[in-house]
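Sequential numbering from 1151 applies to the sequence shown in our numbering. To keep things clear, I will list the structure first and then write my remarks on it.
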Amino acid sequence: MKIGAQLYTVRQHMQNLDDLAQTLERIADIGYTTVQVSAACPFAPEWLREQLARTGLACVLTHTPADRLLADPAKVAAEHDVFGCRYVGLGYHAMGSEEDYGRFLADYRPVARTLREHGKYFMYHNHAGELAELSGRTVLARMADDLPAEDMGFTLDSYWIAMGGGDPVDWIRTLSGRIPCVHLKDRAADDRMAVVGEGTLPFDRILAAAEAAGTQYLLVEQDDCYGEDPFSCLARSYKNLHAMGLD
């Protein structure tokens, strides 16, 4: 498994191309070799390919805006081909009602199939809400049943699983084989997000479960650094994971 950086952590430093280029350099300087591109300014896929080559990074996952996925998933797949990224993610969808859930299935089943037909894999990222129940079952369990594994995987988020009342280890095991990417995010005792290895989540068990489940990329994310430098937070997470035997 490879350690990566979810660039949403440093989104405020990616709102123009010059800043995005410098951010990629800083991420590579920390030691990361893979990234997820999320919440960045608009960029041409050829531009990103050049920047990745320049910094020695690989983009392994994106969060692509819903309007682009829904409008032309084949074009999204072709753009991902340019910068060598297989996994195409959706960062959020409202799931608070049966109507919301039905809309997700209706909208994204064809998106997922089109991406698969073009050599990509659609990835859904959970928050705490997917651990709520609709009609007696969690949304996450229903999603796993209603969309086949060959069409959709999950970017399981350790923090949000815990905040939803679940056990990240149990869910990693449940979704084994369809979680090539996992978001590593720690939870402090006061429920704030924390640097990986500095909170309460059992990362020894999480990492062992992820490896057994076939996870390829462990993407560090901290949505809120509470006034700390987000690059410093990513660096500490990297150092802590490296000490756990990862690179």
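Just so it is clear, CB atoms sit at the ideal spot from N, CA and C, and this is done for glycine as well.
Residue i versus residue j - alpha carbon distance
i       : j       : result
Val1160 : Asp1217 : 23 angstroms
His1275 : Gly1315 : 17 angstroms
Ala1312 : Tyr1251 : 22 angstroms
Leu1174 : Thr1205 : 7 angstroms
Pro1380 : Arg1386 : 10 angstroms
Leu1167 : Pro1192 : 8 angstroms
Met1302 : Asp1222 : 17 angstroms
Lys1152 : Tyr1182 : 9 angstroms
Val1226 : Glu1348 : 37 angstroms
Pro1330 : Gly1377 : 31 angstroms
Ser1382 : Gly1286 : 42 angstroms
Gly1154 : Ser1247 : 34 angstroms
Glu1280 : His1213 : 18 angstroms
Val1210 : Leu1265 : 15 angstroms
Met1245 : Trp1310 : 14 angstroms
Glu1283 : Ala1203 : 44 angstroms
Thr1184 : Gln1156 : 9 angstroms
Gln1366 : Arg1253 : 30 angstroms
Asp1397 : Thr1305 : 20 angstroms
Lys1137 : Ala1228 : With the chain covering only 1151 through 1397, there is no way to say anything about residue 1137.
Cys1235 : Glu1249 : 32 angstroms
Phe1233 : Arg1323 : 31 angstroms
Ala1171 : Leu1325 : 35 angstroms
Ala1363 : Gln1162 : 33 angstroms
Phe1272 : Met1164 : 24 angstroms
Exposure label - residue i; buried when at least 16 CB within 10 Å
i       : result
Tyr1242 : exposed
Leu1219 : buried
Ala1359 : buried
Gly1239 : buried
Val1289 : buried
Glu1237 : Looking at the sequence shown, residue 1237 is not Glu but Tyr. Tyr1237 should be labelled buried.
Lys1270 : buried
Ala1190 : buried
Ala1299 : exposed
Leu1351 : buried
His1230 : buried
Ala1344 : buried
Asp1340 : exposed
Asp1374 : exposed
Met1394 : exposed
Which residues DSSP lists as bridging residue i, in chain order
i       : result
Thr1173 : In the DSSP output, where bridge partners are listed per residue, Thr1173 has none listed.
Met1273 : Gly1239 and Gly1303
Glu1283 : Thr1288
Lys1152 : Tyr1367
Ala1421 : With the chain covering 1151 to 1397 only, the question about residue 1421 has no answer from this structure.
Bounding residues of the alpha helix (DSSP H) (the contiguous stretch that carries residue i)
i       : result
His1230 : Pro1223 to Val1232
Thr1184 : No alpha helix (DSSP H) contains Thr1184, which is instead part of the beta strand (DSSP E) from Thr1184 to Val1187.
Tyr1309 : Ser1308 to Met1313
Ser1382 : Pro1380 to Ala1393
Tyr1258 : Glu1248 to Glu1267
Phe1353 : Phe1353 to Ala1362
Gln1162 : From DSSP, Gln1162 is part of no alpha helix (DSSP H); its letter is neither H nor E.
Asp1320 : Pro1318 to Thr1324
Thr1205 : Pro1195 to Thr1205
Boundaries (first-last residue) of the beta strand (DSSP E) holding residue i
i       : result
Thr1212 : Ala1208 to His1213
Cys1331 : Cys1331 to Leu1334
Contact test: residue i Cβ vs the ligand ADP heavy atom, cutoff 7 angstroms
i       : result
Glu1196 : With respect to small molecules bound, the structure shown includes none, and the ligand ADP cannot be examined in it.
Are the region 1345-1363 and the region 1318-1326 touching by the rule of at least three beta carbon pairs closer than 8 angstroms?
yes
Counting Cβ pairs, one atom from each stretch, are 3 or more of them under 8 angstroms apart for the region 1330-1344 and the region 1284-1296?
Not touching, per the Cβ criterion.
Counting beta carbon pairs with one atom in the region 1260-1269 and one in the region 1184-1203, are three or more of them shorter than 8 angstroms?
no
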